[in-house]
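Inspection log for the structure reproduced underneath, given as structure tokens.
There are 2 protein chains.
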Amino acid sequence: MKAEDKKFFEAKAAVLKALAHPTRLWMVEHLESGEKCVCEFAELIDADFSTVSKHLTVLKQAGIVQDDKRGKQVYYSLKVPCVLNFIHCVEAVLSARAKEHLSMTGLSDRPQNK
Amino acid sequence: MKAEDKKFFEAKAAVLKALAHPTRLWMVEHLESGEKCVCEFAELIDADFSTVSKHLTVLKQAGIVQDDKRGKQVYYSLKVPCVLNFIHCVEAVLSARAKEHLSMTGLSDRPQNK
DNA sequence: GAAACGCTTGGCAATATTGCCAAGCGAAAA
DNA sequence: TTTTCGCTTGGCAATATTGCCAAGCGTTTC
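Same order as they appear, the protein sequences are chains A and B.
The working numbering applies: residue 1 is where the first sequence begins, and numbers increase by one.
The working numbering applies: residue 1001 is where the second sequence begins, and numbers increase by one.
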């Protein structure tokens, strides 16, 4: 792998890493319906204010969300909406896995090859 | 957030986490052109055989790839090809970020709002 | 059978991530 | 100006990830 390519893969992995956390993923999906302030997130999940803020910072650094300070509040919004599409793909991975797991445990009604 | 939802987000985050590593991302993209054996990966990147094997195990556990042992070799292939689409979205995040960075450093030829 | 091959697993030290508490900080309200 | 509000940052301990070496294990070749 060339050094240049390596950098590219590191950059892409960093974006994915930002999304690879339950809370952050939840935040991103939540932003589908429009911008939210930090306090809204803090209210909805049971976590310290600082924790929420740090998660949002991670998403911001990754370039996934953007912030906008208006008055007392800071509003976060999705910067690259296509991330939502690909979360659907992740769900496809999960359902493929679930189906397989069912067939392994013999709980499925899978068709037998004779 | 409901406990059931929480589980769901944890599961999705786990899939993303599996992809969130430069080497594993590289492997997944490399599998676009068809199945590869462990030795091919080990040869292409400069890493221990065991390291390669462990990365592939992570991808397998996540349900992203599948393995097939034939003769001496184990062949890995993509199980859910849609992951490739969403890597393109990650690249969109990167290019959005790059563009912005250019404009911040004044190196761009961005159109000025007057 | 013995040796070689291709790969996986155990173990472990180095490193990174996470989430809480406490402290800081700018804008707005008093 | 002082206080409050909304949020960010520093610090830190608990936890997870990473990648190497060494050892194990099933096939195939000799």
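Just so you know, even glycine gets a beta-carbon here, dropped at the ideal spot from N, CA and C.
Report the option in A/R97, A/K99, A/V80 whose CA atom is closest to the CA atom of A/L19.
Between A/L19 and the set A/R97, A/K99, A/V80, the nearest pair of CA atoms involves A/V80.
Quick one: is B/F1049 near chain A, going by C-beta distance under 8 Å?
Interface annotation, B/F1049: not in contact with chain A, CB-CB separation never under 8 Å.
Report the CB separation of A/I64 from A/V93 in whole angstroms; it is logged as a contact under 8 Å.
That belief does not hold up - the Cβ atoms of A/I64 and A/V93 are roughly 20 Å apart, past 8 Å.
In the DSSP assignment, find the unbroken beta strand (DSSP E) run with A/K69 in it and report its ends.
The continuous beta strand (DSSP E) containing A/K69 extends over residues 65-70.
Listing by chain order, which chain A residues have their CB less than 9 Å from the CB of B/A1062?
Within 9 Å Cβ-Cβ: V93, R97.
Cβ closer than 7 Å: which chain B residues qualify as neighbours of A/F9?
Result: P1022, L1025, W1026.
Under 9 Å from the C-beta of B/F1041: neighbouring residues of chain A:
Near B/F1041 there are no residues of chain A at all, since even the closest Cβ is about 11 Å away, more than 9 Å.
Using CA coordinates, which residue listed in A/R70, A/V74, A/E91, A/A3 is at the minimum distance from A/E40?
For A/E40, the nearest C-alpha among the options comes from A/V74.
Validate contact between the region 44-59 of chain A and the region 1040-1057 of chain B using beta carbons, cut 8 Å, 3 pairs:
Per the Cβ contact rule, the region 44-59 of chain A is not in contact with the region 1040-1057 of chain B (fewer than 3 Cβ pairs under 8 Å).
Going along the chain, which residues of its own chain have a beta-carbon closer than 8 Å to the beta-carbon of A/V28, five neighbours each way excluded?
When the five nearest sequence neighbours on each side are left out, the beta carbons in the same chain lying within less than 8 Å of the beta carbon of A/V28 are those of L19, L59, I64, V65, L78, V83, L84, I87, in order along the chain.
Cutoff 8 Å; reference B/L1025; Cβ partners in own chain excluding five residues on either side
Excluding residues within five positions, the ones whose Cβ falls inside 8 Å are L1019, I1087.
Residue burial classification, B/L1016 (beta-carbon count within 10 angstroms, cutoff 16):
Answer is buried; the Cβ neighbour count reaches 16.
Can you tell me whether B/A1003 is buried or exposed, with buried defined as 16 or more other CB within 10 angstroms of its CB?
With fewer than 16 other Cβ atoms within 10 Å, it is exposed.
Considering only C-alpha positions, which residue in the set A/E43, A/A42, A/C37 is nearest to A/G71?
Considering only alpha carbons, the answer is A/C37.
Delimiting residues of the alpha helix (DSSP H) encompassing B/V1038
Run containing B/V1038: 1038-1044, per the alpha helix (DSSP H) assignment.
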